[in-house]
Amino acid sequence: MAQAVLEFRGVVKRFQSVNAVDGVSFAIQPGEIFTLLGPSGCGKTTTLRLAAGLEEPDGGEILLNGAAVAAPKQGVFLPPEKRRLGMVFQSYAIWPHLTVFENVAFPLRVRREANDNIRRRVSQALESVGLGGLSERGATQLSGGQQQRVALARALVYEPALLLLDEPLSNLDAKLREQMRFELRALQQKLELTILYVTHDQTEAMTLSDRIAVVHGGRFEQVGTPEQVYESPASGFVGDFLGRMIALDGTLKNSANGRRVQFADGASLKVDSLPVDSLGDGAAVRLLMRPEDIQILPIAELGPNQITGAIEQVDYLGDRFECHVRAAGALLVLPASKKMRFNAGAQIRLNFDPAGLNLLPR
Amino acid sequence: MSLPAPTGVFVRPRVRLRPIRVAEIVALLFFAAAMGLPLVFLLVGSFNLASPGQAAIYGLGNWTSAFSDPTTLSALWMSFLLSSVRLIPAMIIAVIFAWLIARTDMPGGNAIEFICWLAFFIPDFPLTLAWILLLDPNYGFLNLLAQKLPWVDGPLFNPYSFWGIVWVHTSAGGIWFKVILLTPVFRRLGASLEEAARVAGANTVAMLRRVTLPVLAPMILAVAVLSFIRGLQSFNTELLLGIPAGIYVYSTRIYDYIRREPASYGEATALGSIFIVVLGALLFLYWRFLSGKRKFTVVTGQGYSVARVKLGKWRYVAMAGCIFYIAVMTLLPLIFLVIGSFMRRYGFFNISSPFTLAHWQSLLSDPIFLVALKNSLLIATMTSVGGIFLYSAVAYLLVSRRMVAAPLLEGLCWLPHILPGILLGLGILWLFLATPLRFIFYGTVWGIAMALMLGDSPVTTQAFRAGFMQLGADLEEAARVTGASWWYTYRKILLPLLAPIAGAVGLMNFGGALTSISIPVLLYSHQSRPLAILLLEYSVTGELERGAALGLLITAIICAMMLIGRKLGLRLSGM
Chain V
1 MAQAVLEFRG VVKRFQSVNA VDGVSFAIQP GEIFTLLGPS GCGKTTTLRL
51 AAGLEEPDGG EILLNGAAVA APKQGVFLPP EKRRLGMVFQ SYAIWPHLTV
101 FENVAFPLRV RREANDNIRR RVSQALESVG LGGLSERGAT QLSGGQQQRV
151 ALARALVYEP ALLLLDEPLS NLDAKLREQM RFELRALQQK LELTILYVTH
201 DQTEAMTLSD RIAVVHGGRF EQVGTPEQVY ESPASGFVGD FLGRMIALDG
251 TLKNSANGRR VQFADGASLK VDSLPVDSLG DGAAVRLLMR PEDIQILPIA
301 ELGPNQITGA IEQVDYLGDR FECHVRAAGA LLVLPASKKM RFNAGAQIRL
351 NFDPAGLNLL PR
Chain G
1001 MSLPAPTGVF VRPRVRLRPI RVAEIVALLF FAAAMGLPLV FLLVGSFNLA
1051 SPGQAAIYGL GNWTSAFSDP TTLSALWMSF LLSSVRLIPA MIIAVIFAWL
1101 IARTDMPGGN AIEFICWLAF FIPDFPLTLA WILLLDPNYG FLNLLAQKLP
1151 WVDGPLFNPY SFWGIVWVHT SAGGIWFKVI LLTPVFRRLG ASLEEAARVA
1201 GANTVAMLRR VTLPVLAPMI LAVAVLSFIR GLQSFNTELL LGIPAGIYVY
1251 STRIYDYIRR EPASYGEATA LGSIFIVVLG ALLFLYWRFL SGKRKFTVVT
1301 GQGYSVARVK LGKWRYVAMA GCIFYIAVMT LLPLIFLVIG SFMRRYGFFN
1351 ISSPFTLAHW QSLLSDPIFL VALKNSLLIA TMTSVGGIFL YSAVAYLLVS
1401 RRMVAAPLLE GLCWLPHILP GILLGLGILW LFLATPLRFI FYGTVWGIAM
1451 ALMLGDSPVT TQAFRAGFMQ LGADLEEAAR VTGASWWYTY RKILLPLLAP
1501 IAGAVGLMNF GGALTSISIP VLLYSHQSRP LAILLLEYSV TGELERGAAL
1551 GLLITAIICA MMLIGRKLGL RLSGM
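Chains V and G supply the protein sequences, listed in that same order. With the first letter of the first sequence counted as 1, position 182 gets the number 182 in this note's numbering; the numbers rise by one all the way through. With the first letter of the second sequence counted as 1, position 347 gets the number 1347 in this note's numbering; the numbers rise by one all the way through.
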């Protein structure tokens, strides 16, 4: 494994008595987009600010390229300006008294680069974010999307070891956000950037990241590829945060031909692989699944892993229907394609893909 | 290729003395010495029976003698009475002005707002002098005019009276201060609140009575309380108009204690201490009130109201009323200040060649005037430049979130708010007298500049603090992350962005230093006498014509400065 660009080892940050970051460890590999995903106030931005040196940790160790930059036990703390990082703030933090050119040139001026060198590299950076020709604009004359690009160019212009992005797209409108997401990924691959990315938007995290850390209460709930965290959430929180989850409570039944979960109304479902082997017969369990993994079928259509239910209400949402189904002692809200029309009161079957069922102890 | 490892890896474990911690300690020590000590000296001094510089003898003598003197209690009573009585007309007029400017279609609203803003900067001492020229029982122009009327015999007006003081205050900066504060409040009232009242069927009067005023009541009340507290600290008008009539407020009583021979420092400090406690309690209640929920739930309506109340033909009446008030209360006295400065003997219009340039010539060629001008410019420059650097640093510390003792520093910064000018001067005087500081500061321009600068602390710190808060930490942190040191960031990012605020508070403090009388009055000596004190001396020695010329000069300098500042785009206002 290559030398990690950024490594956290049991990092703790307290605000008053609250642990904003509570013993977090991770390592970012070169060329990787590592995303911290979580609701607001979960500690993801604090984690990023710790990496930037804008906050001092109260415990643990932070290493950049293998060298400690913050280790309170050893009394090591490297201020932000010595860390050689690039950062894009949520507010973009474009300095309003400087032109676009001077904003981007600032990091180079700080480093006392020669003037023609500055000119060349700034126009390169502006070119790469698609802002060539705007360099003499005042920073306040720019649209939100353009400011965002200036902030990106400013962060890239001195080829930082690591790029820190703090909700960079959250102030843009939906269309622009999609476009910037695409451009950001393309730019990252072209320049082989290593990025620590913070967001609360799961779509952003899913489409951009190589790995995602789902943050909750200052701790990492799960770290994995987008597919891993979406398909096999390690906790109800992770699953819920990444999209709507359906939870069905039941008891585990072990038998010769496999394991099943039996619900309060007597119906049961087969479950595939068991991540938790310690669960014995009769253990109280919870099944987590995504609505899109459940198929609504007419009552006549028999399948391998089904329970029956009744439709209580059907909502028309334009591109699809949404059915409120009473089954297994719970009310499930499920999408149904426009091809199949169900009426309220109809008896139906629900078909489950065993691979989409996640078993958790209750 | 791997990137160069960041340096700092080999730093040995040690107690790191962070620059911000050092700055915090320095700031705390400075403020504790400069603001805390005067207060302590005042309180301790009130129990010291010996005169300053001699071995202390402690006792209650000052307190008993100050309070067995019936004039002490009556001075305290008079302070409250004057401040509350003049508040009533001032608030009514200010609310009407603000409402007309901000919420109605009165023509010329912007021009009237501008005049109110300019009138705010007219120093109160020359204005009081002008009213004396108009209303003095012996030579006041309005009295002379009134005596031409058949049924009037003897002087009609007397400025040296309770009502004279109230009248002059109703024309001075205080009222314009309220207009400046209230106009934006009226403007910011959410459009939807008034529109909803309209839709619900209310006419203009019902809307005003049932929606606009009740909704704004907390803010109006806040301005009233602030004005009341400021009124308690008033000194100049009471000095010029009160003392001849034997009307003393506590600030002029303290002045009297110190200026009498021999000076009664003990009684002065006892009286001052009482007043600090009273003012402190008032301000505490005011802050409690402001930090309560009511104020903030009120003026949060969305969108500015563009729809203004249509006054119909009354709008010209409203405009005429505003102009009339400004003309009588501001323009008229200023005109007589001009006339007075050119009259051979003020009030004698019938002598041959009543007008002369002699007073201007003698003023401008008076070596005392030239020294005072030099002193004033020196003091004002030191005050405003020093204040910019000191209080921007303090405000930075306060918003940096990294301070351990932020509440303490903040409290010390606010101290001058409970110390009226005369008490601040007295406290600093004690500090100078009781410590070796007297060799540098006592009776010098340095001492006066230092006292004035301390007096500017609350407002200046607050302005910078608001500026830093508005900038947000991101702009600074973005610079740090890109590799700029703190000092580089401060010079290239923070300072340019805060320049408008620095310019505005610098100009305000410069003007304040030029006109302040109550702070330097106990601290000056003959070498360090500033212009405002010279004006005071002209007034009490009866050289009214020369006083008028000097007062006019000061007024002109201030107004010109503020106009230039406004042209440069600085946001100058009373806060």
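By construction, the Cβ of each residue, glycine as well, lies at the ideal position given by its N, Cα and C atoms. As the structure is a computational prediction, the values presented were derived from the model and not from experiment.
| Asked | Found |
| --- | --- |
| Extent of the continuous beta strand (DSSP E) to which Ile28 of chain V belongs | 18-28 |
| Same chain, Cβ closer than 6 Å to Phe77 of chain V, five either side skipped, listed in chain order | Glu56, Ala70 |
| Three-state class that DSSP yields for Gly217 of chain V in the structure shown | coil |
| Expected contact under 8 Å - CB spacing of Leu1135 of chain G and Tyr1346 of chain G to nearest Å | That belief does not hold up - the Cβ atoms of Leu1135 of chain G and Tyr1346 of chain G are roughly 13 Å apart, past 8 Å. |
| 9 Å Cβ cut-off: residues of chain G touching Arg154 of chain V | Ala1478, Thr1482 |
| Enclosing beta strand (DSSP E) for Lys1567 of chain G [first to last residue] | Careful: Lys1567 of chain G lies outside any beta strand (DSSP E), inside the alpha helix (DSSP H) at 1544-1567. |
| Rounded Cβ spacing between Ala27 of chain V and Leu164 of chain V (contact assumed at less than 8 Å) | Between Leu164 of chain V and Ala27 of chain V the Cβ distance is about 16 Å, and since that is not below 8 Å, they are no contact. |
| Sufficient close CB pairs (3 or more, under 8 Å) joining the region 340-358 of chain V to the region 294-307 of chain V | yes |
| Leu1497 of chain G: contacting residues in chain V (beta-carbon distance under 8 Å) | Trp95, Pro96, His97 |
| Host alpha helix (DSSP H) of Lys73 of chain V (start-end) | Element bounds for Lys73 of chain V: n/a, residue is neither H nor E. |
| Under 8 Å between C-beta atoms of Thr99 of chain V and Ser135 of chain V | yes |
| Chain V contact for Leu1563 of chain G (CB, 8 Å cutoff) | no |
| Proximal residues to Val1015 of chain G (C-beta, below 6 Å), its chain only, five neighbours per side dropped | Any reading at Val1015 of chain G is ruled out, since the residue's pLDDT is 45, under 50, leaving its predicted position unreliable. |
| Pro378 of chain V classed as buried or exposed, judged by whether at least 16 other C-beta atoms fall within 10 angstroms | The requested residue 378 of chain V does not occur in the structure, where chain V is confined to residues 1 to 362. |
| The beta strand (DSSP E) enclosing Glu312 of chain V, as first and last residue numbers | 306-316 |
| Runs of beta strand (DSSP E) wholly within the region 1305-1357 of chain G (minimum 3 residues, chain order) | none |
| Where the region 1112-1139 of chain G meets chain V: residues whose CB sits under 9 Å from a CB there | none |
| Cβ of Asp1069 of chain G within 8 Å of any chain V Cβ | no |
| Under 7 Å by beta carbon: chain V residues contacting Tyr1493 of chain G | The identity of residue 1493 of chain G in the sequence shown is Ile, whereas the question assumes Tyr. Chain V residues near Ile1493 of chain G: Trp95. |
| Whole runs of the beta strand (DSSP E) within the region 314-359 of chain V, excluding any shorter than 3 residues | 321-327, 330-336, 347-352 |
| Gly345 of chain V burial status per 10 Å Cβ neighbour count (16 or more: buried) | exposed |
| Beta-carbon gap between Leu1042 of chain G and Ser1273 of chain G smaller than 8 Å | yes |
| Assigned secondary structure, Asn1048 of chain G (DSSP; H/G/I helix, E/B strand, else coil) | strand |
| Closest residue to Lys82 of chain V among G:Glu1537, G:Leu1377, G:Trp1486 (Cα-Cα distance) | G:Trp1486 |
| Partner residues on chain G for Phe106 of chain V, Cβ-Cβ distance less than 8 Å | Ala1479, Thr1482, Ala1484, Lys1492 |
| Residue nearest to Trp1131 of chain G in terms of C-alpha spacing, selected from G:Asn1375, G:Leu1337, G:Leu1390 | G:Leu1337 |
| Beta-carbon contacts of Asp1105 of chain G that lie in its chain and below 8 Å, excluding the five residues immediately before and after | Arg1308, Val1309, Lys1310, Leu1311, Arg1315 |
| Contact with chain V by Gly1303 of chain G, beta-carbon distance below 8 Å | Model confidence at Gly1303 of chain G stands at a pLDDT of 48, short of 50, so the residue's coordinates are unreliable and nothing is read from them. |
| Residue burial classification, Trp1077 of chain G (beta-carbon count within 10 angstroms, cutoff 16) | exposed |
| Cβ-Cβ separation, Thr1252 of chain G to Glu1238 of chain G (assumed contact under 8 Å), whole Å | 5 Å |
| Interface partners of Gly1411 of chain G on chain V, CB under 7 Å | Result: empty, since nearest Cβ-Cβ is about 20 Å, beyond 7 Å. |
| With 16 other Cβ atoms within 10 Å as the buried cut-off, status of Gln146 of chain V | buried |
| Proximal residues to Thr1297 of chain G (C-beta, below 8 Å), its chain only, five neighbours per side dropped | With a pLDDT of only 38 at Thr1297 of chain G, under the threshold of 50, the placement of this residue in the model should not be trusted; the figure read from the coordinates follows. If we look at Thr1297 of chain G and ignore the five residues flanking it on each side, it has no Cβ neighbours. |
| Any chain V beta carbon closer than 8 Å to Tyr1250 of chain G | no |
| Which of helix, strand or coil DSSP assigns to Thr1482 of chain G | coil |
| For Ile1175 of chain G and Leu1415 of chain G, the rounded distance between their alpha carbons | 25 Å |
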